[in-house]
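Numbering (the numbering used here), first residue to last: 95 to 650. From the three backbone atoms N, C-alpha and C, an ideal C-beta is built for every residue, glycine too.
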């Protein structure tokens with residue numbers, strides 16, 4: 095028999111419940127307010143989200159599956175700018191900014207003053223520590239015009255927080271480290287991980303000890319073999335579709351050696367295509383956790399570790415995301431991440447760690463594979479296209495050479511010559527755009543006049559391309575290819591860089607059980623949302639150029 099409460103008794107009972115909830119609130123608030131001791135930001139270079147979903151059932155328990163099961167994962171997350179390349183994607187992760195603000199408009203671009211090609215992280219004022227340095231090597235974040243989450247964390251803690259990044263590519267490490275962190279990058283001449291004089295005069299003892307062990311040499315003469323049974327790869331593309339360069343092959347086992355027969359630069363460079371580069375990167379990241387005591391900061395402040403895993407990009411470029419090699423590489427990376435998380439659990443405790451995983455860009459299939467799926471896919475020879483454009487403009491405007499330089503999709507006109515010839519800049523821009531739009535494989539051509547005035551159309555592609563255009567650094571025209579077409583030559587491999595979903599849709603996963611609600615999220619999200627979300631959890635100011643949102647739906 096159900097006992098009914100009198101009104102006074104009901105009021106008292108309700109009040110007690112409310113008081114109990116109020117009494118419990120401070121503890122809950124304290125737990126919610128606790129900062130992570132270590133934030134780990136993982137960027138898998140060239141990982142389209144579709145691969146994460148396609149191969150999910152084959153992952154082990156402790157790596158990517160752990161993040162999918164225990165973290166928040168977004169299926170509709172994007173690198174939301176129109177030129178999807180490594181430098182721009184890495185810049186977005188911890189600045190929360192788009193290229194029109196952060197100033198990194200490509201891996202390479204044309205300097206509008208000198209009309210020479212520049213590299214995103216080159217700065218001849220600095221050199222690698224103990225390593226050969228060329229003028230075009232990446233040594234500093236000079237061209238990154240804004241700060242990063244790590245810079246804000248160090249500012250908030252009086253520079254007591256440590257920010258350390260490591261990558262197989264210099265731009266992967268440098269653009270995550272920001273202005274005040276410390277970047278280490280793989281040296282493909284020696285196989286070492288080294289920093290530059292922008293960050294320090296000499297390596298700390300733990301780095302010197304790590305280098306002395308020469309772990310990079312242990313793979314000489316070893317082979318990359320398939321991790322899973324043959325049946326697991328039944329759905330992968332026929333390797334005969336992808337005709338690789340002379341002297342190379344596109345099948346497993348894939349061996350690592352040098353033509354000289356000795357451990358040399360040729361061998362160290364070969365390690366970039368395959369799982370061993372990522373293993374070395376994670377090994378060095380482990381050494382950094384130990385050597386710098388990351389996550390165990392004696393000042394009681396959070397630390398940040400950025401790890402950019404470069405090899406998947408090299409594999410996908412060479413063989414395509416539909417290949418067995420790409421498939422197997424992701425499975426091996428999954429197991430490597432499981433081991434890395436296990437190390438973090440021992441050293442810091444995963445309850446104290448917040449992990450983010452994303453990618454700098456996705457990947458289209460190789461044109462040869464796409465064509466088997468009845469997709470119109472081709473490569474465009476950019477140099478031939480530009481030569482034809484140059485000739486067209488010269489013939490149309492009285493013989494003047496009006497095309498100055500290009501680093502596609504950016505094209506620079508010679509405004510000095512246009513003015514000297516008594517021509518109107520907008521007239522030449524329009525003529526160039528009309529010519530380009532008439533060429534096979536080109537679907538959009540935006541002019542400087544359109545981009546500066548906001549006159550470009552309002553499609554998503556136009557929005558992404560406007561975000562990728564920087565008024566000071568970008569060209570006078572930007573072109574967009576048809577889907578699955580891209581600028582490149584040759585007869586094998588593939589490349590990225592477009593505003594289409596296969597290039598923009600990347601993983602975005604956040605794991606940290608004290609702060610994050612696990613689940614599969616279908617809401618639209620962008621990589622620029624990472625920095626504001628981490629700033630919120632770390633209780634620091636967002637980076638200066640950040641435009642993303644806090645992913646509040648994931649927060650406890």
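- Under the rule that a run must span 4 or more residues, the alpha helix (DSSP H) segments found entirely inside the region 444-473 read 461-466.
- Distances from the alpha-carbon of residue 244 to those of 212, 356, 395 put 395 closest.
- Counted as a single uninterrupted DSSP element, the beta strand (DSSP E) harbouring residue 537 occupies residues 536-541.
- Taking a C-beta distance under 8 angstroms as the contact criterion, residue 217 and residue 234 qualify as a contact pair.
- For residue 400, no alpha helix (DSSP H) encloses it; the enclosing beta strand (DSSP E) starts and ends at 397-403.
- If you ignore the 5 residues before and after residue 426, its C-beta comes within less than 7 angstroms of the C-beta of 321, 369, all in its own chain and listed in chain order.
- The beta carbon of residue 500 sits closer than 8 angstroms to the beta carbons of 204, 476, 480, 506, 569 from its chain, once the five residues preceding and following it are set aside; these are given in chain order.
- In the pairwise beta carbon analysis, the region 137-144 is classified as touching the region 398-413: at least three pairs are separated by under 8 angstroms.
- Residue 184 sits close to residue 270, with the two beta carbons spaced by under 8 angstroms.
- Of the other Cβ atoms in all chains shown, fewer than 16 fall within 10 Å of the Cβ of residue 209; this residue is therefore exposed.
- At the C-beta level, residue 496 and residue 512 come within 8 angstroms of one another.
- Straight-line measurement puts the Cα of residue 460 at about 35 angstroms from the Cα of residue 488.
- By the neighbour-count criterion, in which 16 or more other beta carbons inside 10 Å mark a residue as buried, residue 379 falls on the buried side.
- CA-CA distance, residue 268 to residue 516, rounds to 44 angstroms.
- With contacts defined by Cβ atoms closer than 8 angstroms, residue 213 and residue 291 do not form a contacting pair.
- A straight line joining the alpha-carbon of residue 362 with that of residue 352 spans about 9 angstroms.
- When the Cα atoms are used, residue 432 and residue 316 turn out to be separated by approximately 22 angstroms.
- Look at the beta carbons and you see the region 605-623 not touching the region 585-595: under three pairs across the two are nearer than 8 angstroms.
- Residue pairing for residue 172: DSSP places it in a beta bridge opposite 599, 620.
- By the Cβ rule, the region 587-606 counts as touching the region 443-460, because three or more pairs are nearer than 8 angstroms.
- Contact between residue 606 and residue 130 holds: their C-beta atoms lie close to 6 angstroms from each other, under 8 angstroms.
- In this structure, residue 189 places its C-beta atom within 8 angstroms of the C-beta atom of residue 640.
- Secondary structure at residue 559: helix, using DSSP grouped into helix, strand and coil.
- Just so you know, the alpha carbons of residue 564 and residue 194 end up roughly 4 angstroms apart.
- With respect to the 8 angstroms criterion, residue 451 and residue 136 are classified as neighbours on the basis of their beta carbons.
- In summary, residue 603 is buried, with 16 or more beta-carbon neighbours lying within 10 Å of its beta-carbon over all protein chains present.
- Per DSSP, residue 187 is one residue of the alpha helix (DSSP H) stretching across 180-189.
- Exclusion of the five residues before and after residue 286 leaves 305 as the residues of its chain whose Cβ lies within less than 6 angstroms of its Cβ.
- Its chain contains 607, 608 as the residues whose beta carbon lies nearer than 8 angstroms to that of residue 445, once the 5 sequence neighbours on both sides are disregarded; these appear in chain order.
- In its chain, beyond the 5 residues on either side, 333 have a beta carbon closer than 7 angstroms to the beta carbon of residue 345.
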